[in-house]
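S.K.:
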DNA sequence: TAGATTGTTAATCGATTAACAATC
DNA sequence: TAGATTGTTAATCGATTAACAATC
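Chains as they are written, first to last, in my numbering: chain X, 65 to 288; chain Z, 65 to 288.
#1: Checking contacts by CB at 8 Å: is residue 77/Z closer than that to chain X?
#2: Check the C-beta distance from residue 62/X over to residue 238/X and give it rounded, since I have them as a contact under 8 Å.
#3: For the ligand ATP, I want to know if residue 250/Z counts as a neighbour, meaning its beta carbon is within less than 7 Å of at least one of the ligand's heavy atoms.
#4: Report the rounded CA-to-CA distance for residue 148/X versus residue 228/X, giving the unit in angstroms.
#5: Run the CB neighbour count on residue 266/X, radius 10 Å, all protein chains shown included, and call it buried at 16 or more, exposed below.
#6: Considering only C-alpha positions, which residue in the set 274/Z, 273/Z and 268/Z is nearest to residue 73/X?
#7: Using a Cβ-Cβ distance under 8 Å, would residue 157/Z count as near chain X?
#8: I want to verify the contact list: residues of chain X whose CB lies under 7 Å from the CB of residue 306/Z, in sequence order.
#9: Can you confirm whether the stretch 241–251 of chain X touches the stretch 145–161 of chain Z when touching is taken to mean that 3 or more C-beta pairs between the two stretches lie within less than 8 Å?
#10: Suppose contacts are defined by Cβ-Cβ distances below 8 Å. Is residue 153/Z in contact with residue 173/Z by that definition?
#11: Is it a yes or a no for the stretch 70–87 of chain Z touching the stretch 100–115 of chain Z, going by three-plus beta-carbon pairs under 8 Å?
#12: Under a CB-based cut-off of 8 Å, is residue 173/Z close to chain X?
#13: From what residue to what residue does the alpha helix (DSSP H) around residue 161/X run?
#14: Give me the DSSP bridge partner(s) of residue 193/Z.
#15: Hey, is residue 164/X's beta-carbon within less than 8 Å of any beta-carbon in chain Z?
#16: Nearest chain X C-beta to residue 252/Z closer than 8 Å, yes or no?
#17: Roughly how many angstroms lie between the CA atoms of residue 80/X and residue 126/Z, to the nearest whole one?
#18: Using a threshold of 8 Å, state whether the C-beta atoms of residue 119/X and residue 89/X are closer than that.
#19: Using a Cβ-Cβ cut-off of 6 Å (strictly less than) and excluding sequence neighbours within five positions of residue 197/Z, which residues of its own chain qualify?
#20: Can you tell me which of 236/Z, 189/Z, 243/Z and 271/Z puts its alpha carbon nearest to the alpha carbon of residue 273/X?
#21: My assumption, with CB atoms under 8 Å, is that residue 256/Z sits in contact with residue 261/X. Please give the rounded CB distance.
#22: Could you name the residues of the same chain whose beta carbon sits closer than 8 Å to that of residue 195/Z, not counting the 5 residues immediately before and after it, in chain order?
#23: Got a sec? Which residues, its chain only, sit under 7 Å from residue 245/X by beta carbon, not counting five neighbours each side?
#24: Starting from the C-beta of residue 243/Z, find all residues in its chain whose C-beta is less than 8 Å away, skip the five residues before and the five after it, and write them out in chain order.
#25: Going along the stretch 255–267 of chain Z in order, which residues come within less than 8 Å of chain X, judged by CB to CB distance?
#26: Can you name the residues that DSSP bridges to residue 179/Z?
#27: Is it right to say residue 157/X is buried, meaning 16 or more other beta carbons lie within 10 angstroms of its own, or is it exposed?
#28: Check for me: the beta strand (DSSP E) holding residue 255/Z runs from which residue to which?
#29: Count the other C-beta atoms from every protein chain shown that fall within 10 angstroms of the C-beta of residue 192/X, then say buried if there are 16 or more, exposed otherwise.
#30: State yes or no: is the C-beta of residue 175/Z within less than 8 Å of the C-beta of residue 150/Z?
#31: Of all the alpha helix (DSSP H) runs that stay within the bounds of the stretch 73–126 of chain Z, which reach a length of 4 or more residues?
#32: Looking only at its own chain, which residues have a Cβ that is under 6 Å from the Cβ of residue 279/X, when we skip the five neighbours before and after it?
#33: Kindly list the residues whose CB is nearer than 7 Å to the CB of residue 108/X, restricted to its own chain and excluding five residues on each side of it in sequence; keep chain order.
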């Protein structure tokens, strides 16, 4: 479970790729080889084995890796084996999408409370949550011991919301606004630029057209 | 405008970071130095200059880079200077969020048509688009000469939708479902795992706790 | 001119890949 | 046993950083 040696940044970035690939396999599949994973993700098989070994995954010669065990092991590595409470601020389309998104739960995150500054929304229900007003943000964060604060508000409101989340004690601010946020030392600000990966895909398409045409699959923003 | 030499994958992945940082600067700011960019994004100043130079950006000694010019130059590099038509399938919360999202336009993408298999939605309007039925998908893609197909449907429907998009002639499939899609050679499938970057942020938080506590900001999934 | 900044060449560092040993 | 696969050591390759020259 513990990282054997140092896990490089490149390896770390590929782990979610493995997780999402493993999850997309048929329910009844039991084992998978590094060769199959590599081929499907456009990576080198040795690289896959090294990545998996780096976080303590064990495969069996002639058999491969146990899919179920490996999926659990990788997600446990990424999350440190814990479940984290998250709060979400800004219940627009994106906020609603994230609140209901299963991918968060897959990585061990649970949205426990949602907030909006729009009084017309406060008190209404969405996906099992009653929308709360902004004055509740700090006390609820503290009460839930929330680790993650998700910001899906317009960019003008992003910094004040960030400040409230920090006051409430969150360690990670997941920022979907286009504002550049400042936060105290020790707080991780993860800016999410949702169209960035699409822009990279375009760039790849262009280089395909220039060079000899060949197939390519890039996934999760990390290409081979 | 043309890439001077070869642009590495690592450099490519950082370009959207620069773009979103530059966009977050005040309207009236004129110039910025590589040192300021680097400090704000947690990168090495020399690396920033190399990245920018790799795609043909020019700075002026003692002055820095022209913010407006640089922003335009980087986005033009990523998109090849063109606007691309996109169609979106699946008008749930995520689909609505993406349709209305300004970030797409920032990188030169325009959602031109939206589709849903739910007959109750077909014919209704959202963000200036009239929702169309699935039987219109192939002809409308062809008519628009759409380059990008965005899949925001449940995973069971993702592969058939992908097939229709490919028939319609799209070059890039942007997949938000958890299904693993197969597509012909030459079609770029960009799987989007929205919670992946949050999982990486968690991992970073954990290594902070283990090591000596220090500040960190990672952005867009690419860390320093 | 002096000083700040870009741009470039060379050195270091790290990641990927190749070759091969170990395992079942 | 033979063969397929993992795991590891060494070599290659590429990216980052350091030192410094060029520029305004």
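Cβ atoms here follow ideal geometry from the backbone N, Cα and C, with glycine treated the same way.
M.R.: According to the structure shown:
#1: yes
#2: With chain X running from 65 to 288 in the structure shown, residue 62/X is simply not present.
#3: No copy of the ligand ATP appears in this structure; indeed no ligand is present at all.
#4: 19 Å
#5: buried
#6: 268/Z
#7: yes
#8: The shown model of chain Z, from 65 to 288, leaves out residue 306/Z, and the question about it has no answer.
#9: no
#10: no
#11: yes
#12: yes
#13: 157–164
#14: 190/Z
#15: yes
#16: yes
#17: 42 Å
#18: no
#19: 186
#20: 236/Z
#21: 6 Å
#22: 155, 178, 179, 180, 185, 186, 187, 188 and 189
#23: 222, 223, 226, 237, 239 and 253
#24: 219, 220, 222 and 223
#25: 255, 256, 257, 258, 259, 260, 261, 262, 263, 264, 265, 266 and 267
#26: 153/Z and 196/Z
#27: buried
#28: 252–255
#29: exposed
#30: yes
#31: 73–87, 98–105 and 109–118
#32: With a pLDDT of only 42 at residue 279/X, under the threshold of 50, the placement of this residue in the model should not be trusted, and no figure is reported.
#33: 102
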